[in-house]
Each structure stands twice: as structure tokens, then as C-alpha cells.
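Asker: Residue numbers (my numbering): 7 to 473.
Think of the CB as a built atom: it goes at the ideal place given N, C-alpha and C, for glycine as much as any other residue.
Could you have a look at this structure, given as C-alpha cells, before my questions?
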Ligand SMILES: C[S@@+](CC[C@H](N)C(=O)[O-])C[C@H]1O[C@@H](n2cnc3c(N)ncnc32)[C@H](O)[C@@H]1O
């Protein structure tokens, strides 16, 4: 690996050469990228273990008991606990929908999770809160009387989300808001039963909605993609196809089906250590304040990747309708506390500057839209935040291993080897050893494909293990 001053010199010469670099589209540029990637990677030999692929990118979140109470596309598998030999007290500082905590409970271990998204921590809390048989019986009764119970309530207030009336058909919106009022009344009397019902209701929103989560946000069901363009579907027809002729009953039945699934899964609570799991709402950037004087034996996390995805955008309907945010100010506060992996995160000019990252930024194509949108600052913020998190992890598990599941990305004609940069930053955060295990290939976006032919091998999802 180059020394810092060698990197500084390389940056200056890169800046001078940058315009030329892309204009000759360019063997010189490609060779430079290859040399940089090889150089960065050289201290961290990369092992391959593709058997880990189904666990780092987990499809089971939507079908496995308890996990399926909140669909979370970015979840990893609790089997990583066994595959990576996690031991003792486990910490997941980006715990999402609680995959590790549910897995730890099922395996008789203890764990703590932290996440910035209040919907994620709420779902985790419900998954971990064992109900008594009498309470499950009460839920069964509410489920069978649901239509009548909903009928007794007025619709709850429409959230101030600008698209509130667009994301549900009017009849469905009426059921959504009335059932929310009914569940709120139950929550006021009996919070544990109410929270269980609230999660079932939240999980049914996308199924009954005129939207679905896709890419970095939501798309509408009345649009059809054809040859890269969106066309309107015929009004009246698509609703009939999706919801049938009785939309109100469709919506009530969706909540009931989700309750059936959840009630069935509660049998899993019979075994395991459910009371030994804890979940906290907060930022992994402030782990020192959230977990003062705590120590863990193993840490595992998968942070948002440096790919511009904003988790709050994809979950905005659930966040607003579920009462987790009440104003755009609330939402922006959450966005600003999240890891700087997306362009709505707060830009803070801070240190350290990672010269290795700067040398990659300096060979980016400055005419690319990602450059103009501010990706260089996103990347600077992302790795500074990772540095902060890894420093906390080092202190919280001084004698245990920390495992980071990350994916690389590509912007403006340059691969960002997040796994290698994370390994490098972890060493600067105080860890003495870092090992990278490549577990899966990732695809390059169509915009980057032509520019990065020959570099596909660097697009991977890996587990970085620190000691
Ligand atoms: C890749 S997902 C993790 C999914 C998780 N491994 C699971 O199986 O559910 C990344 C998570 O990081 C959370 N996040 C983003 N910024 C955060 C921050 N500053 N502190 C804690 N969590 C954060 C997001 O809300 C998201 O749930």
C-alpha cells in the first residue's frame, strides 16, 4: 500500500490529469483504476466463501417464522450467528428488523440491537415480546370480530404526508384509517396486545396499498413498466384485478391474514431466550452514549451500503401512517441522523480525510450525474461515519470479533471497494487484524456497465472480520 504522502502526490497529479483521463476513455484511466484497486487491496487478501451468499442476502425474511412479521428487503440471515461462530453477548448496531435478535433468542443467546428507524425497532420489540396464552386468545377474538370492531370507530386523522390520498384507493383508505383508530383504542388499554395488532396492520399497508416498495422508494400500482418507460394502466381495471369488487373486505381480510400468520408463529416463543434480547432506538454513531459501560463478546452488522438508498424513502408510508413521524421535520431529523449513505443525509464537513478514498474520487468522471449530485461528499461522509462506528465497536467488544457485511458500489466510472476501505478504516480505528471474505457477486448498474467492463470482479458483497 502507498504511504500517505504518495497518495497526496497521486491526488494532485490525478486532479491535473482528470479531464484527460476520461476524454480518451481510456486505457490510461483503466490502468490507473486497476493499480489503485490492487494497491488498496494488497494488505487484505480476499478469501472466497460463496456458501455464505444466501445468508448475507436473505430471502427467508419473508417466509421464516417471526421474521416475516415485517418484510425487510435488506435483512441478513440469523444463520450468520452459526456460520460466523458468534458467541456470548452479541451486538448488532444496525439491527433493522431484528434478524440477529430473533436468531439469538431462538439459539438461547443474548443480544442487543440498535437502529435509527423507529419502525424497525418497533417491529423488533413486538417480535421479542412474548405474549401470554390468554393474550393470544384475546387477539384471536379481536381477529374474528375485526369487521364489527372497525365499524365502531371513526377514521383516524389523515397523515400530513403529501401523497397520503394517492397511496390508497378511497374505500381502502377509509378501512386503513378506521382500523388504525380501533387499534389505537386497544393500545391505550393494553399496549402489548395493541402493539401486536399494530404491527399486523402496518405490514398489511403495502398489500392493500396502491403502491409498492421498489428500488430507492415506492412505485404506484397503476403504472406499468414497458421498455424502460411507465404507462398508465386502465383506471378501474387494475383496481378490480388487484383488490376485487369489494375493496373494504379485501383490506380487512389482508389484516386478518397477517394476524393468522403472526398468531401461528407465536408457537416459536415456547423455546429460547426471548427476554434476554434488547432493542434500542438510536444512532450507531452514538453507541458510546447509548451503551455506556457495556461490553459484548461479538458484534455483527450490515450498515446501509454506499449506494444512495434512503431507507426512510422506501418506508415513508408506514412511517407516516403508523404514527412514527408526524411532520416533515420529524422525518428530516431521522434522515440526518442516519449513516451518510444517501444524498438526503446531513453533509458535515469533518475529519479524517481518507486519502485512499480521495484518490478514487479523483479519477471519477466529473461529467457523470452522480458526481454532479454530490456522490463524492456522500462517500467522504460514509467512510467517516464507518470510522466512528468501528471505533465504538472496538471499545464495546475489546476481546471479541466484529463482523461487517458490506457491498461495494460503482459511481462515475469508478469502483468503490467498500469492503477494502472498511478493512483499512477498521485498522485505523484500533483493530489489529482484518480479514475479507467475499460471499457474493453484485451486478454493476446498466449506466456503469460499459465503463467498468473488466472490473466486475470488484463488485462483491463481503464479510469483513476484525479482531
Ligand atoms: C442493511 S440494513 C440492516 C438490516 C439488518 N441486518 C436486518 O437483518 O434486518 C441497515 C439498517 O441501518 C439502519 N441505520 C441507518 N443509519 C443508522 C444509524 N446511524 N444508526 C443505526 N442504524 C442506522 C437502517 O435503518 C437499516 O435498518
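I believe residue 465 touches residue 414 by the beta-carbon criterion, under 8 Å. Please report the beta-carbon distance rounded to the nearest angstrom.
Answerer: Along the chain shown, one-based indexing puts residue 465 at 459. Along the chain shown, one-based indexing puts residue 414 at 408. Rounded, the Cβ-Cβ distance is 6 Å, consistent with contact.
Asker: Specify, as a first and last residue, the run of the alpha helix (DSSP H) that residue 177 falls within.
Answerer: If you number the chain shown from 1, residue 177 lands on position 171. First-last of the alpha helix (DSSP H) with residue 177: 176 to 195.
Asker: Check whether the stretch 200 to 214 touches the stretch 120 to 129, taking contact to mean three or more Cβ pairs, one atom from each stretch, closer than 8 Å.
Answerer: With a cut-off of 8 Å, the stretch 120 to 129 and the stretch 200 to 214 count as touching, because enough Cβ pairs lie within range.
Asker: Does the distance from the CB of residue 473 to the CB of residue 446 come in under 9 Å?
Answerer: Taking the chain shown and counting its residues from 1, the one referred to as residue 473 is at position 467. Taking the chain shown and counting its residues from 1, the one referred to as residue 446 is at position 440. No.
Asker: Report the CB separation of residue 422 from residue 441 in whole angstroms; it is logged as a contact under 8 Å.
Answerer: One-based indexing of the chain shown puts residue 422 at position 416. One-based indexing of the chain shown puts residue 441 at position 435. Incorrect: roughly 20 Å between the Cβ atoms, too far for contact.
Asker: Starting from the C-beta of residue 191, find all residues in its chain whose C-beta is less than 8 Å away, skip the five residues before and the five after it, and write them out in chain order.
Answerer: Counted from its first residue, the chain shown places residue 191 at position 185. Cβ neighbours of residue 191 beyond the five flanking positions: 159.
Asker: For residue 165 and residue 326, I'd like the C-alpha separation in whole angstroms.
Answerer: Sequence index remark: in the chain shown, residue 165 carries index 159 (1-based). Sequence index remark: in the chain shown, residue 326 carries index 320 (1-based). Roughly 6 Å between the two C-alpha positions.
Asker: Straight-line CA distance for residue 460 to residue 451?
Answerer: Taking the chain shown and counting its residues from 1, one reaches residue 460 at position 454. Taking the chain shown and counting its residues from 1, one reaches residue 451 at position 445. C-alpha separation (whole angstroms): 14 Å.
Asker: Rounded to the nearest angstrom, what separates residue 117 and residue 135 at their Cα positions?
Answerer: Sequence index remark: in the chain shown, residue 117 carries index 111 (1-based). Sequence index remark: in the chain shown, residue 135 carries index 129 (1-based). So the alpha carbons of these two residues sit roughly 14 Å apart.
Asker: Secondary structure at residue 427, three-state DSSP: helix, strand or coil?
Answerer: Within the chain shown, numbered from 1, the residue matching residue 427 stands at position 421. Three-state DSSP puts residue 427 in a helix.
Asker: One question on the structure: do residue 345 and residue 395 come within less than 9 Å of each other, judged by their Cβ atoms?
Answerer: Numbered from its first residue, the chain shown carries residue 345 at position 339. Numbered from its first residue, the chain shown carries residue 395 at position 389. Taking 9 Å as the Cβ cut-off, residue 345 and residue 395 qualify as a contacting pair.
Asker: Report the CB separation of residue 343 from residue 287 in whole angstroms; it is logged as a contact under 8 Å.
Answerer: Numbered from 1 along the chain shown, position 337 holds the residue referred to as residue 343. Numbered from 1 along the chain shown, position 281 holds the residue referred to as residue 287. Contact flag wrong, Cβ pair sits at about 10 Å.
Asker: Looking at the secondary structure, which residues open and close the beta strand (DSSP E) in which residue 53 lies?
Answerer: Taking the first residue of the chain shown as position 1, residue 53 is located at position 47. Element bounds for residue 53: 52 to 54.
Asker: Using a Cβ-based criterion (distance less than 8 Å to any ligand heavy atom), does residue 59 qualify as near ligand 1?
Answerer: Start at 1 with the first residue of the chain shown, and residue 59 comes out as number 53. Checking the Cβ of residue 59 against ligand 1 gives no.
Asker: Excluding the 5 residues preceding and the 5 following residue 109 in the sequence, name in chain order all residues of the same chain whose CB lies nearer than 6 Å to its CB.
Answerer: The sequence position of residue 109 within the chain shown is 103, counting from 1. For residue 109, where only same-chain residues beyond five positions count, the Cβ hits under 6 Å are 84 and 87.
Asker: Over what stretch of residues does the beta strand (DSSP E) that includes residue 416 continue unbroken?
Answerer: Locating residue 416 in the chain shown gives position 410, where the first residue counts as 1. Unbroken beta strand (DSSP E) run through residue 416: 415 to 417.
Asker: Going by alpha carbons, who is nearest to residue 449 out of 439, 456, 462 and 438?
Answerer: Locating residue 449 in the chain shown gives position 443, where the first residue counts as 1. Minimum Cα distance to residue 449 is reached at 462.
Asker: Tell me which residue opens and which closes the beta strand (DSSP E) that residue 118 is part of.
Answerer: As a first step, residue 118 must be located in the chain shown, where it is residue number 112. Taken as a continuous stretch (DSSP letters only), the beta strand (DSSP E) holding residue 118 covers 116 to 121.
Asker: Quick one: give me the first and last residue of the beta strand (DSSP E) that residue 217 is part of.
Answerer: Mapped onto the chain shown, residue 217 falls at position 211. Counting along the chain, the beta strand (DSSP E) containing residue 217 begins and ends at 217 to 219.
Asker: How about residue 306 and residue 92: are their beta carbons less than 9 Å apart?
Answerer: Locating residue 306 in the chain shown gives position 300, counting from the first residue. Locating residue 92 in the chain shown gives position 86, counting from the first residue. Yes. Within cutoff.
Asker: Would the C-beta of residue 120 count as close to ligand 1, meaning under 8 Å from any of its heavy atoms?
Answerer: Along the chain shown, read from residue 1 onward, the residue named residue 120 stands at position 114. It does: the Cβ of residue 120 is within 8 Å (strictly closer) of some heavy atom of ligand 1.
Asker: For residue 354, count neighbouring Cβ atoms within 10 angstroms of its own Cβ and tell me buried if that reaches 16, exposed if not.
Answerer: As a position in the chain shown, residue 354 is number 348, starting the count at 1. Residue 354 is exposed by the Cβ-count criterion.
Asker: Give me the DSSP bridge partner(s) of residue 353.
Answerer: On the chain shown, residue 353 is found 347 positions in, with the first residue counted as 1. Residue 353 pairs with nothing; no bridge assigned.
Asker: I'd like the span of the beta strand (DSSP E) that includes residue 360, first residue to last.
Answerer: In the chain shown, residue 360 corresponds to position 354, counting from 1. That residue, residue 360, is in no beta strand (DSSP E); it is neither H nor E in DSSP.
Asker: Whether or not the stretch 63 to 72 and the stretch 94 to 109 are in contact is what I'm after, with contact meaning three or more pairs of Cβ atoms, one per stretch, closer than 8 Å; do they touch?
Answerer: At 8 Å Cβ cutoff, the stretches touch.
Asker: Could you please give me the residues that DSSP links to residue 408 through a beta bridge?
Answerer: In the chain shown, residue 408 corresponds to position 402, counting from 1. Answer by DSSP bridge pairing, in chain order: 305 and 472.
Asker: Report yes or no: do three or more beta-carbon pairs, one from the stretch 211 to 219 and one from the stretch 255 to 273, lie closer than 8 Å?
Answerer: Touching, yes, given that three or more Cβ pairs across the two stretches are closer than 8 Å.
Asker: Could you spell out where the beta strand (DSSP E) holding residue 224 opens and where it closes?
Answerer: For the purposes of this step, residue 224 is identified with residue 218 of the chain shown, where counting begins at 1. Taken as a continuous stretch (DSSP letters only), the beta strand (DSSP E) holding residue 224 covers 224 to 226.
Asker: Does residue 285 come out as helix, strand or coil in the three-state DSSP assignment?
Answerer: Numbered from 1 along the chain shown, position 279 holds the residue referred to as residue 285. Strand, per DSSP.
Asker: Please report the Cβ distance between residue 39 and residue 420, rounded to the nearest whole angstrom; I am assuming they are in contact, meaning their Cβ atoms lie under 8 Å.
Answerer: Counted from its first residue, the chain shown places residue 39 at position 33. Counted from its first residue, the chain shown places residue 420 at position 414. Between residue 420 and residue 39 the Cβ distance is about 6 Å, and since that is below 8 Å, they are a contact.
Asker: Would you kindly report the start and end of the unbroken alpha helix (DSSP H) that includes residue 46?
Answerer: One-based indexing of the chain shown puts residue 46 at position 40. Segment 33 to 47, the alpha helix (DSSP H) holding residue 46.
Asker: Where in the stretch 49 to 115 do unbroken runs of the alpha helix (DSSP H), each at least 4 residues long, occur, reported from the N-terminal end onward?
Answerer: List check, alpha helix (DSSP H) in window: 59 to 62, 86 to 89 and 105 to 112.
Asker: Just verifying my parser: in three-state terms, what is the DSSP assignment at residue 238?
Answerer: Here residue 238 refers to the residue found at position 232 when the chain shown is read from its first residue. Strand.
Asker: Mind reading off the beta-carbon distance from residue 188 to residue 156? Whole number of angstroms is fine, and I expect it under 8 Å.
Answerer: Within the chain shown, the letter at position 182 stands for residue 188. Within the chain shown, the letter at position 150 stands for residue 156. Yes, they are in contact, since the Cβ atoms of residue 188 and residue 156 sit about 5 Å apart, within 8 Å.
Asker: Ordered along the chain, which non-local residues of its own chain (more than five positions away) have a Cβ less than 6 Å from that of residue 208?
Answerer: Indexing the chain shown from 1 puts residue 208 at position 202. Taken in chain order, the residues that qualify are 324 and 328.
Asker: At the level of alpha carbons, what is the spacing between residue 33 and residue 373?
Answerer: To locate residue 33, count along the chain shown from 1; it is residue 27. To locate residue 373, count along the chain shown from 1; it is residue 367. Whole-angstrom Cα-Cα distance: 18 Å.
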